[in-house]
Amino acid sequence: MKITNVRINGIENPVGFAYDYLLCSWNVEEVKGKKQTNVVIEVSESEDFEEILYKKEAADLKQNGEKLDVGLKPRTTYYYRVTVTTDAGECVTSDIATFETGKMDEVWTGKWIAPAKEDTIHPVLEKTFAIEKEVKRARLYMTGVGLFETYLDGTKIGEEYLAPYINDYESEIQVLTFPMEGILKEAKEYTLSVMLGKGWYMGTFGLGMSEKNYGSRMAAIGELHLEYEDGTEELIVTDESWNYYGSDIEDSGIYFGEILNRQLWDGKENEKKQVEVLEHPEEQEETKNLSVEKLQDRLSLPVVEKETISVRDIIYTPAEEIVLDMGQNFAGFIEFKANFPKGTKVVLDFGEILQQGNFYNKNYRDAKSQFVYISDGREEVVRPHFTFFGFRYVRVTGWPGELDKEDFVGKVIYSDLRRTGSLETSDAKINRLYQNTVWGQKSNFIDMPTDCPQRSERLGWTGDAQVFAPTASYHMDTRAFFHKFIKDLRDEQKVLDGGMPNFLPNIGHTEKAGSVWGDIATFLPNTLYTYFGNAEEMEYCYPLMKDWADFIDRGDAARGERKYLFDFMDTFGDWLALDGPTPTSFKGSTNDTFISSVYYYRSVQIVRQMAEVLNKAEDAVHYCELEEKIKKAVLDEFFTPTGRLAIDTQAAYVIALKFKVYLDRERIVEQFKARLKQDMYQIKCGFVGAPLLCTVLAEAGEYELAYDFLLKEGFPSWLYSVNLGATTIWERWNSVMPDGTISDTGMNSLNHYAYGSVMEFVYAYAAGIRPLEAGFGKVAIAPHPDVRIPEIACSYDSVSGRYVCNWKIEKDGTFTVHVEVPFNCEAVVELPGYEKEQMTLSAGSYDFSYEPKEDLRKPYGRNTTLSRIAKDGQAMGILGKYTPALAGIAASGDPEMGANSLEDLSHIGFLPFDPAALETAIGEISNIVVK
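In the working numbering, the protein residues as written are 47 to 977.
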């Protein structure tokens, strides 16, 4: 028995974080017992727990997050441990874990310091100080604008990149905490230095390509708190005693890239000068956001190097360029070994795709996305400091001599999230699709959930995050990551008077989102509650949720009499759908007011549900009444009295079914199926419909149809991009044409995660692991196999523990299933064609092997489409034997006829076939067994 995954607020041993609440979570593994009979959580300020500061004990403490009511002090390390007793008499205590506060509300002694105003350089700020006694504890509290890296005697402190990340500089700036006692061991002089870059703060950024958005001077502030073994203390702060000089970074920018010029100061004066102390920076335009009162302990997870990628191939292109193929599209940078003659200039340009075998990155729009290194002859390992790139290919210009793959390495950086989902199938293309969705998340989870990591955008688009959050929370533990994003959203919402931004940072506060994008205010918290089950987080999110619902309600009321329809703001609607007026229209044909009003209904419903969870009875009653009125208005406006949905589009049916807005569910399902058939089973829906398409079909019991869409390979489909070599998810279904030519559409990212949301269906319905209670304490394990993917192995390390469902359709027809249920949890298990329709299993490992009531090896039935039959030689042989005319139609590839099922064909009287012969054919085709 062991206790694992001990976390505070979803973070392992957090240092210097802001704690909006304290939630302790843990898992229990390798245990005989099924349930906990007692849990003890102890907190102490000493590692030996000689004095217990806080203790909580009960049988029902929640492993997905138990609140600790500890009065926190600034700059303090707390030690905690969890002891669990099981119903089998086992008892074990976790390893000691820690959480540490930052400065909290403590007054700052350090001052903002900066180079002289006329020195518009990338500076290094430094101070030399002496340590003369043995250091017991040392903490550096530091931040800088735009971005900063801290060094001690020339060695970088910590493993983080791009700190202090994306801040709402108008309300707060994050401060990082660096433990230093491990590197201040000797009694000697040390030099502490801070290197600064432009970053999001003052570099060119945003859709308007504006610069100096939050300020125009780089600056830093910090305090080094030293505690000596003899009990004395010392404080070293940023003040007039610091000096500065110019670094070798000539320029930097998130979009721009970076120039690292080791000859920048050749022949120029670069003496150390005294810094300028910014006494009242908020009074000056160029430093107006640098009020000390805005300094806050961090919420951002560390952005770190999560993995490395070796060069797959060196390509010599027809244009006589040298291009590195990393084999994977990702976000990060290239690090290389340099030992060049003085004056050598190496230029790296980054791209996602080759065109006609040559380097290409015109889809990056205004992002120069370039790293330049100019050597002074030294031997060193080179990397950029204050930028990142989204890329697979790297054009190398100016490299002296022949390139060696070993000279380069790709550094993959993203926020330090723990992988929780794992999925592998017997289908290589589905496995590649799965990996593409994971890589899309890795590439776009650099502190903020962004739309893309490469072009001149890289913004936290709210709609993308909203639709992808469920899949993201299967892939990774998103608790802390999304908590920070919710804080950013809430800060912006306050400025927008309850409205929501389309994206963050919302420079100038000019954008207000309509539906779907704005509904992240309720949908994202709801996803967090579904996956992690923490009421404390919902209390934190509640103002965000409530104010969004109230914002729409106020807008409705402002026109006089309420209509209870959300028809008064611009919206992107079913963005990039394929049923718009033209094939390249930005928006589909689903009525905007219908989409907006259905999402308004669901948002209000979520607020009502969270009010109930949080025991806000008055609010629950209010939002229940509003919810009912919105639903009635939608039904009255968009449904006929007999229950037919009057908007006949894929996206309309998807959201009506997903959010249960209908009079007659079965009728809507039948309308939906009819629409899909009329569309010849081509994906027509866009941003609103496509991410939910397969999940909604599964929820409607249409599993074969869901698999049909998942496994489609022609345009538009999820596997279309896989077949063209994609290693991430694309922004558009046709971002690349079949001949490998990139589409000439203006928006064309090859690393956009939104359509990767299809993996929610694979986790929840194909593999079959989905929650029945918030936080995955109780789940359904109900796989829905399809012989086209005869084997799936899936695990999910939920906040409550690890669930496993591995299944296989054996060649002899046996169905084998391996299920694991974590400690103190239970699963309601439903297996296809099993003797028991439903079983409730407690913690443990279970194996099933049986012959299902219906042979799962049989891929076809009456509802199988002619287009599917046409791809199977054995089935076509049967069809040709009994109904040669239908076989001919199938072989012709006619998409309209191919959309008919065998059942549909039996009712088309004008076709030349014998009905009895067709019935015989259907019977034989239905008995085909996949070996």
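Beta carbons are placed, not taken as given, at the ideal position from N, Cα and C, and that holds for glycine. Quick caveat, the model's predicted, so the values are computed rather than measured.
(request) Output the residue ranges of the alpha helix (DSSP H) runs that lie fully inside the stretch 951-975 and measure 4 residues or longer, sorted by chain position. (result) 961-972
(request) Could you please give the first and the last residue of the uninterrupted alpha helix (DSSP H) stretch that includes His326? (result) Taken as a continuous stretch (DSSP letters only), His326 belongs to no alpha helix (DSSP H), as it is neither H nor E.
(message) Using CA atoms only, rank isn't needed, just tell me which of Leu902, Ala889, Pro868 and Glu866 is closest to Tyr880.
(response) Leu902
(message) Can you find the residues in the same chain that come closer than 8 Å, C-beta to C-beta, to Gln884, ignoring five residues on each side of it along the sequence?
(response) Around Gln884: Val874, Val875 and Glu876.
(request) Please say whether Ala698 and Pro737 have beta carbons closer to each other than 9 Å? (result) no
(request) May I ask you to report which of helix, strand or coil DSSP gives Asn769? (result) Annotated three-state conformation of Asn769 is helix, per DSSP.
(request) Buried or exposed for Phe956, please, with buried defined as at least 16 other CB atoms from any protein chain shown within 10 angstroms of its CB. (result) exposed
(message) DSSP three-state label for Lys179, please.
(response) coil
(request) Can you grab the Cα-Cα spacing for the pair Ser763 / Glu366, in whole Å? (result) If you take the alpha carbons of Ser763 and Glu366, they lie about 35 Å apart.
(request) Report back the beta-carbon spacing between Asp412 and Met255 to the nearest angstrom; my notes put them in contact at under 8 Å. (result) 6 Å
(request) Starting from the C-beta of Ala105, find all residues in its chain whose C-beta is less than 8 Å away, skip the five residues before and the five after it, and write them out in chain order. (result) Gln82, Thr83, Asn84 and Val85
(request) Please classify Glu759: does DSSP put it in a helix, a strand, or coil? (result) Residue state, collapsed to three classes: coil.
(request) Would you kindly work out how many angstroms separate the C-alpha atoms of Tyr727 and Ile368, rounded to a whole number? (result) Approximately 43 Å, taken between the alpha carbons.
(request) Evaluate Ile98 with the Cβ neighbour count: other Cβ atoms within 10 Å of its Cβ, from every protein chain shown; 16 or more gives buried, anything less gives exposed. (result) Looking at its Cβ environment, which holds fewer than 16 other Cβ atoms inside 10 Å, Ile98 is exposed.
(request) Evaluate the contact criterion for the stretch 291-303 versus the stretch 222-231: three or more CB pairs, one atom per stretch, below 8 Å. (result) no
(message) One question on the structure: do Asp343 and Gly148 come within less than 9 Å of each other, judged by their Cβ atoms?
(response) yes
(request) Would you mind sorting Val734 into buried or exposed? The rule is 16 or more other CB atoms within 10 Å of its CB. (result) Per the 10 Å Cβ criterion, buried.
(request) Take Trp563 as the anchor and find which of Gly506, Glu269 and Val976 has the nearest alpha-carbon. (result) Gly506
(message) In the DSSP output, which residue or residues are listed as bridge partners for Phe63?
(response) Thr147 and Arg344
(request) Return the chain-ordered ranges of every alpha helix (DSSP H) run that is complete within the stretch 894-922 and spans a minimum of 4 residues. (result) Counting only runs of 4 or more residues that sit fully inside the stretch 894-922, the alpha helix (DSSP H) segments are 912-915, in chain order.
(message) So the candidates are Asp199, Tyr588, Val541 and Val240; which of them puts its Cα closest to the Cα of Val191?
(response) Val240
(message) By alpha-carbon positions, which one of Asp165, Ala720 and Phe531 ends up nearest to Asn946?
(response) Ala720
(request) Measure the C-alpha to C-alpha separation of Tyr124 and Val116 and round it to an integer number of angstroms. (result) 10 Å
(request) Give the DSSP-derived three-state secondary structure of Met494 in the structure shown. (result) strand
(request) Could you tell me which residues DSSP pairs with Lys854 in its beta bridges? (result) Glu837 and Thr862
(request) Would you grab the beta carbon distance between Val707 and Lys662 for me? Rounded to a whole angstrom, and I think it's under 8 Å. (result) Contact doesn't hold; Cβ gap of about 25 Å is too wide.
(message) DSSP has His271 in a bridge; who is on the other side?
(response) Arg185 and Leu281
(request) Would you kindly check if the distance between the Cβ of Val338 and the Cβ of Ile267 is under 9 Å? (result) Yes, the pair counts as a contact, with Cβ atoms nearer than the cut-off.
(message) With distance defined between alpha-carbon atoms, name the residue in Leu622, Leu672, Ser891 and Asp625 nearest to Phe612.
(response) Leu672
(request) Kindly indicate which three-state DSSP category Phe578 falls into: helix, strand or coil? (result) helix
(message) DSSP three-state label for Ser262, please.
(response) coil
(request) Could you have a look at Thr201 and say whether DSSP puts it in helix, strand or coil? (result) strand
(request) For my contact list, Val782 and Ile399 are in at a C-beta cut-off of 8 Å; report their separation, rounded to the angstrom. (result) 7 Å
(request) Would you mind stating whether Leu796 and Trp779 have Cβ atoms separated by less than 9 Å? (result) no
(message) Within the continuous beta strand (DSSP E) that includes Ser239, where are the two ends?
(response) Glu235 to Gly243
(request) Please name the residue in Tyr610, His529, Thr628 and Ile553 whose C-alpha comes closest to that of Glu583. (result) His529
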